[in-house]
Amino acid sequence: MDKVVRSATDAVADIPDGATIAVGGFGLCGIPSVLIRALLDVGTHELEVVSNNCGVDDWGLGLLLQEHRVRRVVASYVGENKEFARQYLAGELEVELTPQGTLAERLRAGGSGIAAFYTRTGVGTLVAEGGLPWRYDAEGNVAVASPPKPVERFTVRGVEHEYVREQAIAADFALVRAAVGDRAGNLVFHSAARNFNPLCATAGRVTVAEVERLVPVGELDPDAVHLPGIFVDRVVELTPEQTADKRIERRTLREVAP
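110 is the number that this note's numbering gives to position 120 of the sequence shown; each next residue is one higher, with no gaps.
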């Protein structure tokens, strides 16, 4: 099955207003920047975004935030995005901050058909007890707070602990980026750019992948495939210019003595 579509715009054109989208990447590493830009161009609104973070002010998911296309974010990290923080504190954006490992496992569970799981992360904090501010009002009061989560005791390796129940995440669409892909959707990621991409891809009901290099089916060593094509519905081949356009979130330099 040939899953290659003509353009990024065609690949995201049917994402409706109000959809939940899982977006791969960590910081600006491995983000599907071309698909995000296409989603901005088609004008989709009221999105719920599930991603490790929300880009920066002028790149990645930050572009959607600037245009007020996002109504809710499930993330583990705000990062360098000042507009993200401003919208959250001004009551314009609902934000569910989630421990990073828990977010990864919620996505993995969603892709595996697991409804929920238990973890010790968050026990004894507002993560489990509820009360985390999800949305503020215009006066800075908490308008929507996180609900309490079920906590149970389990014995693991002979030691009893409390565990909090976390629900899986299943998204309507997933947007990811890979270094190499074939026409059947099998994907290979480059080093740390793999990050949240496979997890988001499996959690999406419809998954769209932008690939830096497209190869014929059969060229990839099956043992080298990081994400099987069964999880990918659409493939967009990037141009050399799109492939090379990669931003750095924060650059730190030091002077070197001559």
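Here a beta-carbon is modelled for each residue, glycine too, at the ideal position from N, C-alpha and C.
Identity of the residues DSSP links to residue i by a beta bridge
{"i": "Leu87", "result": "Ala65"}
{"i": "Asp172", "result": "Val205"}
{"i": "His151", "result": "Phe144"}
{"i": "Ile11", "result": "Val39, Phe163"}
{"i": "Thr109", "result": "Val154"}
Distance between beta carbons of residue j and residue i, contact taken as under 8 Å
{"i": "Ala199", "j": "Ala160", "result": "Contact flag wrong, Cβ pair sits at about 18 Å."}
{"i": "Asp172", "j": "Pro212", "result": "The pair is not a contact, with the Cβ atoms about 11 Å apart (cut-off 8 Å)."}
Own chain, CB closer than 6 Å to residue i, minus 5 neighbours either side, in chain order
{"i": "Arg62", "result": "Glu38, Glu84"}
{"i": "Gly101", "result": "Thr192, Ala193"}
{"i": "Glu150", "result": "Arg143"}
{"i": "Asp162", "result": "Ala9, Thr10, Arg195"}
Contacts around residue i, its chain only, beta-carbon distance under 7 Å, and the 5 residues preceding and following it disregarded
{"i": "Phe16", "result": "Asn42, Asn185, Phe186"}
{"i": "Ala158", "result": "Arg96, Ala99, Gly100, Ile104, Ala105, Ala106"}
{"i": "Leu51", "result": "Val13, Ile26, Val39, Ser41, Cys44, Gly45"}
Where residue i sits in the DSSP three-state scheme
{"i": "Ala128", "result": "coil"}
{"i": "Val2", "result": "helix"}
{"i": "Ala135", "result": "strand"}
{"i": "Phe221", "result": "helix"}
{"i": "Glu156", "result": "strand"}
{"i": "Glu57", "result": "coil"}
{"i": "Pro230", "result": "helix"}
{"i": "Val24", "result": "helix"}
{"i": "Glu95", "result": "helix"}
Own chain residues within Cβ distance below 8 Å of residue i, not counting five before or after
{"i": "Ala214", "result": "Val178"}
Short CB-CB distance (under 9 Å) between residue i and chain B
{"i": "Ala183", "result": "This model lacks chain B altogether; it includes just one protein chain."}
Original post:
Would the region 170 to 182 and the region 117 to 131 be scored as touching if the rule is three or more Cβ pairs under 8 Å?
Top reply: The region 117 to 131 and the region 170 to 182 do not touch, with fewer than three beta-carbon pairs separated by less than 8 Å.
Original post:
Is it true that the region 68 to 84 meets the region 102 to 120, where meeting means three or more beta-carbon pairs spaced less than 8 Å apart?
Top reply: For the pair of segments examined, the region 68 to 84 was found not to touch the region 102 to 120: the number of CB pairs separated by less than 8 Å stays below three.
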